[in-house]
C-alpha cells in the first residue's frame with residue numbers, strides 16, 4: 001500500500017507521441033513505464049480540458065457533472081450561457097474524499113478549481129483564473145509564498161493564437177519551468193498524501209506547432225525552422241518530470257496522465273453556414289462579412305437548429321415550449337435529431353470525399369444528463385475537422401480557423417502510466433506492461449484505492465447535488481475570460 005500518490009497531468013499528451021514517436025527521447029517517462037504499467041486512457045465525450053480533468057478527479061462523466069464545455073447553457077434562453085468554474089462542480093473530487101478521511105492534498109493547476117475552495121491542504125488554481133491579481137490560491141497567503149519562490153507565477157500562455165512562434169515557444173517553456181519549480185518546492189516543503197498537478201504546455205505546443213513536425217499536415221513545410229520544436233519541448237518536459245520524481249518520497253505511487261490526445265487539424269466545418277444552407281437556421285439578414293453568430297441575428301420563429309463552434313460541434317434544437325420562440329414541435333424532436341445526425345455524418349469534404357463524422361446523443365453517452373446538454377454532439381471528420389461557429393463564410397469548408405492560427409485538434413485517447421513504490425524495471429518487454437481498456441473516470445477510484453480509502457458509491461469501484469450553472473465572474477472578468485477562451489479556440 002502506497003502512503004502517497006503523485007499525479008502528474010500533462011494536458012493533451014497523446015499516446016502516439018509519448019509511447020511511440022518520442023519515447024526514445026523521454027528516459028524518465030520510459031523508466032516509469034518499465035517499472036509499472038501503461039496504456040491509452042479513453043477521454044470523455046467530448047475530449048476537451050473542461051470537463052475532462054474534473055471527470056478524471058471525480059470519476060463522473062460530463063453528464064453527471066452537468067458540464068459539457070467551457071460554456072454551458074444556464075437556461076433555455078438563447079443567450080443564457082455561463083462559463084464553467086469550480087462552483088459548477090457538485091460532485092466529490094478525490095481531495096474532498098481524502099480530506100474527510102483526514103488526509104491532505106496539494107493541487108497545482110487542475111482545471112475547474114478556480115475560484116479556489118477550501119480543502120484539507122493547498123490549492124493553486126487553473127488557467128481560468130483571470131490573473132494572479134485575484135485570489136487564485138487556497139489559502140490566499142500561499143500566493144505570497146509562490147511569489148517568493150518563483151517570482152511571477154505563469155497561469156497560462158497569453159495571446160496564444162499568434163504568428164510569433166518564437167515568443168509562443170519561449171512562453172510555453174517558461175510556463176512549464178515555473179510550474180515544475182513550484183511543484184518541487186511544494187512537494188518538499190509541505191506535508192501531503194495526494195500531490196496532483198496539471199501542466200498545460202503540451203496542449204499549447206500542439207495547437208501552435210503541430211504543422212511543423214507532422215509531414216501529413218496539410219500546412220506542413222519540409223525543412224521549416226520549427227520542425228523539432230515539439231520533440232525538443234517533450235525532452236524538456238521529461239527532464240522536468242524527472243526533476244519532480246527525484247524529490248518525491250520513496251513510498252509514492254506515481255501516475256502520469258493526460259485528459260485527451262491530439263491530432264492534426266485538416267480544416268473546419270462551418271456548421272452554422274451549413275445549417276443556413278440546408279434550411280435549419282434562418283438569419284434576419286445575410287452578413288456581409290464573417291462574423292460571430294449572435295442571438296439577435298437569428299430569425300428564431302423560422303429557425304429549427306443552431307450550432308456552436310470549437311474543437312467539437314454542439315447542435316441545439318429550437319423546441320416549442322422549451323425555447324422562448326421555439327419552432328420544433330416536441331413530437332418532431334427525435335425525428336429532427338435523427339435527420340440532422342444522419343445528414344451531418346454524410347457531409348463530405350469539399351471534394352466530395354467522406355470524412356467520417358460521428359454524432360452522439362447525450363442521453364445515449366451519459367448515464368444521466370444534468371444541467372442542459374446540447375441536443376447533438378458532433379465530431380466532424382472524427383475530430384480531423386473543427387466546428388466553426390461563425391457565419392458569412394463563402395463555403396461550408398474552411399482551412400482558415402476563425403479564431404486564429406491552430407494546427408491541431410483533440411483526440412479521444414490520452415495516456416496513463418502507473419508506477420508503484422518498490423517497483424524496479426523488469427526483464428519483461430515493455431510491450432507486456434501495456435494495458436488497454438482504461439477510461440478517464442477510473443482514475444479517481446484508483447487514486448483512493450492506492451491510499452487505502454474506499455471510493456464513494458458515486459465514483460464506482462473500478463480503479464484505474466444538482467444545481468443550475470451560475471457565473472462567478474465580474475463583467476470585466478467575464479470579458480477577459482471570453483477573450484482568452486476565444487484565443488484558445490474553445491469558443
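Numbering (my numbering), first residue to last: 1 to 491.
The C-beta atom is built at its ideal place from N, Cα and C for all residues, glycine as well.
The structure presented is a predicted model; accordingly, all values stated were derived computationally and were not measured.
Taking DSSP as the reference, what is the three-state secondary structure of residue 14? coil
Residue 330 burial status per 10 Å Cβ neighbour count (16 or more: buried): exposed
Any idea what DSSP makes of residue 244, helix, strand or coil? helix
Taking the beta carbon of residue 35 as the centre, do at least 16 other beta carbons fall within 10 Å, making it buried, or is it exposed? buried
Reducing DSSP to helix, strand and coil, say where residue 441 ends up. helix
Using a 10 Å radius around the Cβ and a threshold of 16 neighbouring Cβ atoms, would you call residue 424 buried or exposed? exposed
Use the C-beta contact count for residue 467: other C-beta atoms within 10 angstroms, 16 or more gives buried, fewer gives exposed. Here the model assigns residue 467 a pLDDT of 36, short of 50, so the residue's position is not dependable, and the following value carries that caveat. Counting Cβ neighbours within 10 Å, residue 467 comes out exposed, since fewer than 16 surround it.
Backbone secondary structure at residue 283 - three-state DSSP: strand
Residue 412, buried or exposed, once every other Cβ within 10 Å from all chains shown has been counted against 16: buried
Give me the residue from 48, 63 and 29 with the minimum Cα distance to residue 364. 63
What's the gap between the Cα of residue 339 and the Cα of residue 333? 10 Å
How far does the beta strand (DSSP E) with residue 410 in it reach, from first residue to last? 408–411
The alpha helix (DSSP H) spanning residue 129 covers which residue range? Here residue 129 belongs to no alpha helix (DSSP H), and DSSP marks it neither H nor E.
Cα separation between residue 9 and residue 234? 14 Å
Going by C-alpha distance, which of 212, 162, 229 and 231 is nearest residue 222? 212
Output the distance between the C-alpha atoms of residue 368 and residue 439, rounded to the nearest integer angstrom. 18 Å
Could you spell out where the beta strand (DSSP E) holding residue 379 opens and where it closes? 376–379
Inter-residue spacing [alpha-carbon to alpha-carbon] between residue 32 and residue 55: 24 Å
Output yes if chain B places a C-beta closer than 8 Å to the C-beta of residue 435; else output no. In summary, chain B is missing from the structure at hand, where a single protein chain is found.
Run of the alpha helix (DSSP H) containing residue 304, from where it starts to where it stops: Looking at the DSSP string, residue 304 is not in any alpha helix (DSSP H), and its letter there is neither H nor E.
Please list the terminal residues of the continuous beta strand (DSSP E) segment that includes residue 385. 385–388
N-terminal and C-terminal residue of the beta strand (DSSP E) that residue 40 is part of: 37–42
Quick check on DSSP: helix, strand or coil for residue 28? helix
Below 8 Å on the Cβ atoms is my contact criterion, and I expect residue 58 with residue 52 to pass it. Report the Cβ-Cβ distance as a whole number of Å. Actually they are not in contact, since the Cβ atoms of residue 58 and residue 52 sit about 11 Å apart, beyond 8 Å.
Any contact between the stretch 252–261 and the stretch 345–358? By contact I mean 3 or more CB pairs, one from each, below 8 Å. no
In chain order, which alpha helix (DSSP H) runs of at least 4 residues are fully inside the stretch 307–338? none
Taking Cβ to Cβ, would you say residue 387 is nearer than 8 Å to residue 280? no
Expressed to the nearest angstrom, what Euclidean distance is found between the alpha-carbon atoms of residue 239 and residue 232? 11 Å
How long is the line joining the alpha carbons of residue 379 and residue 418, rounded to whole angstroms? 30 Å
DSSP on residue 230, reduced to helix/strand/coil? helix
Is the Cβ-Cβ distance between residue 95 and residue 108 less than 8 Å? no
Would you kindly work out how many angstroms separate the C-alpha atoms of residue 430 and residue 88, rounded to a whole number? 41 Å
Is residue 82 buried or exposed, if buried means 16 or more other CB atoms sit within 10 Å of its CB? buried
Helix or strand or just coil, what does DSSP make of residue 77? coil
From residue 166 to residue 175, what does the alpha carbon distance come to, in whole angstroms? 14 Å
Using the Cα positions of residue 317 and residue 47, report the straight-line distance between them to the nearest angstrom. 23 Å
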